[in-house]
Amino acid sequence: MNQVFEPDWRTQNRAKRKFYARYMTWIERGGYVVVACVFAAFIFAFNYPVEDMIKADNVAIEGESTLLTSDQAVMVVEVLAGNFAEVEVGEPLVKIVEGEDQIATYQQSEWIAQLRKSGREIPTSLDRPVPEGRVIVAEKAGTFIIAEDLSRVAAGEPIAKVVDYSKLVLKAELEGNTVARAAKDQVAKISAINLGSESGSLFRGGSSQGDLVSGAVLPPALKESIETQLKGAVVKARDDVPLAIDGIKMIQIDSSVKLGDSTGSTAPIQADPAVNYALKGSVVEGEHIGTLQIATLPPALLEEARRQIAASARAKPFRTADGKNVIVESVDKTQFVVQLNVKGAGAEGTTPMPATVISRKYAAKIAIADPPAFLIEAVRAADRRGKPVTARVEVVTSTRPIALILLKKS
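In terms of our numbering, the sequence shown opens at residue 860 and continues consecutively.
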């Protein structure tokens, strides 16, 4: 019998030969399955979309506000509604005097009125009519909040505001690799909501009934005690020099807790939402901003700038670091590097100059869709105590297959 393969090519082990004879068909089928899975993985990778996001951390959540402003300097002479009072449309809020002349006249009239009360005689030349002022009424219903300093408000600065807490918004400067694709109406994700901590601590208690996260568990005295004990101690990070502790920024505590039903009459403290708790929103307003750098100028501007620099340099004597007195005789081959602040999209039809990005952001106003009641009350309480509720904001700018991301990283 003619042998196709040499005897020494095949294994002479009887157990292996018996195994191959019995299971070779299944091994072959297994190989086909593996190859099919590899092809399926390739197809999946090129069809499974991954979201590209730009984000910002520690963004304040606030109510939709209507600002009360004036195009002139303002002095508030009377507050007609209580601070943090609920007001309706058309309700009078503040009475103001506008303009530097009117403010000076009103202040003089107050001074004259005080002199009259004291019984002193006032010259007729100083007796002027008191400015009537203007009453500002509420254009929208909401919560009235007055500014802290009302003695003089600069032109364009807010005098007060009316806040609608049923509409929560975030104003963020978002960053990321795909910031150039940011646009209005894109979907936003609001997560890592922090309701604030008076004690500078964050307590996380894990239990079978869910996690309890709060910044109101620990007393401020605990932070002060730990800070006192640690201040001045020395710490050292990897590849760094020893450093002295100057203070504590935040204390985070992780523990296990057992939760039970509360039956007390004391008002409960609102706990922070869990780490994985997230809300949906959308970009309602946005503008591209950043700092860019250019190394070329338009020819006419370049020549003019070079001429002025040469003339200015030649006009001044200089002293070098080693004490020599020198003067510039000529300036040649002048090159420019100019850093520019950019804001908004450029006009269509114009030829852009090449630039290098130093920092690039998208200033956006994000509205939270259907904000929960606990968050509305938390933001309202935060405005009263002057400490904001913050969150992380992520805006989806585009989607692309996961295969493209993996190929870019490889």
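The beta-carbon is built from N, C-alpha and C at its ideal position, and this holds for glycine as well.
Keep in mind that this is a model prediction, so the values were computed, not measured.
Nearest C-alpha to VAL1197 among GLU991, PRO1157, ILE1225: PRO1157. For GLY1106, the three-state secondary structure derived from DSSP is coil. Here VAL994 is not near TYR965, since their CB atoms are 9 Å or more apart. Counting the other CB atoms within 10 Å of its CB gives GLY1205 a total below 16, which places it among the exposed residues.
Collapsing the DSSP output to three states places MET883 in a helix. Distance from GLY1140 to ILE1052 at the Cβ level is roughly 12 Å; contact not present, criterion being Cβ atoms closer than 8 Å. In the pairwise beta carbon analysis, the stretch 1055-1068 is classified as touching the stretch 1234-1249: at least three pairs are separated by under 8 Å.
Excluding residues up to 5 positions away in sequence, ALA932 lie with their Cβ nearer than 7 Å to the Cβ of ALA1013 in the same chain.
By the beta-carbon neighbour count (other beta carbons within 10 angstroms, threshold 16), GLU1162 is exposed. Counting along the chain, LYS1082 sits inside the alpha helix (DSSP H) bounded by residues 1079-1089. Distance from the Cα of ASP1229 is smallest, within the candidate group ARG1219, LEU1033, ASP1242, LEU1138, for LEU1138.
Excluding residues up to 5 positions away in sequence, SER1115 lie with their Cβ nearer than 6 Å to the Cβ of GLY1065 in the same chain. Around the beta-carbon of MET1109, fewer than 16 other beta-carbon atoms lie within 10 Å, marking it exposed. Assigned with DSSP and collapsed to three states, LYS1246 falls in coil, not helix or strand. When the beta-carbon positions are compared, ILE1005 and VAL938 come within less than 9 Å of each other. The beta carbon of ARG1178 lies closer than 7 Å to those of ASN1184 in the same chain, with the five residues before and after it left out.
For LEU1160, there is no enclosing beta strand (DSSP E); the enclosing alpha helix (DSSP H) covers residues 1158-1173.
Straight across, the Cα-Cα distance linking LEU1118 with GLN1068 is about 7 Å. Residue state for TYR965 is assigned as helix, using DSSP reduced to three classes. Around GLU1253, the same chain offers MET912, LYS914, LYS1048 as residues with beta carbons nearer than 6 Å, after the five sequence neighbours per side are excluded. Residue nearest to ASP930 within the set ALA1237, ILE1018, LEU1199 is ILE1018 (criterion: CA-CA distance). Take the alpha-carbon of VAL1187 and the one of MET1212: they are about 32 Å apart. One alpha carbon belongs to VAL1072, the other to LEU1234, and they sit about 14 Å apart. In the DSSP annotation of this structure, the continuous segment of the beta strand (DSSP E) that includes MET912 starts and ends at 908-927. For the pair ARG1251 and VAL918, the CB atoms are nearer than the 9 Å cut-off. The Cβ atoms of PHE1003 and VAL1021 lie closer than 9 Å to each other.
A residue is called buried when at least 16 other Cβ atoms come within 10 angstroms of its Cβ; ARG1097 does not meet this threshold and is exposed.
Under the DSSP assignment, LYS1048 falls in the beta strand (DSSP E) whose first and last residues are 1046-1053. Beta-carbon to beta-carbon, GLU950 and ALA940 are separated by about 7 Å, close enough to satisfy the 8 Å threshold. Comparing C-alpha distances from GLU1034 to each of LEU1265, LEU1263, VAL1255, ALA1262 shows the shortest one belongs to VAL1255. For the pair SER1050 and VAL1134, the CB atoms are nearer than the 9 Å cut-off. When DSSP reads this structure, THR1258 sits in a beta bridge with GLU910. Of the residues VAL1201, ALA1222, ALA1223, the one whose Cα lies closest to the Cα of VAL1216 is VAL1201. Under the three-state reduction of DSSP, ASP960 is assigned to helix. In the three-state reduction of the DSSP assignment, ARG1239 falls in the helix class. In the three-state reduction of the DSSP assignment, GLY889 falls in the helix class, which pools H, G and I.
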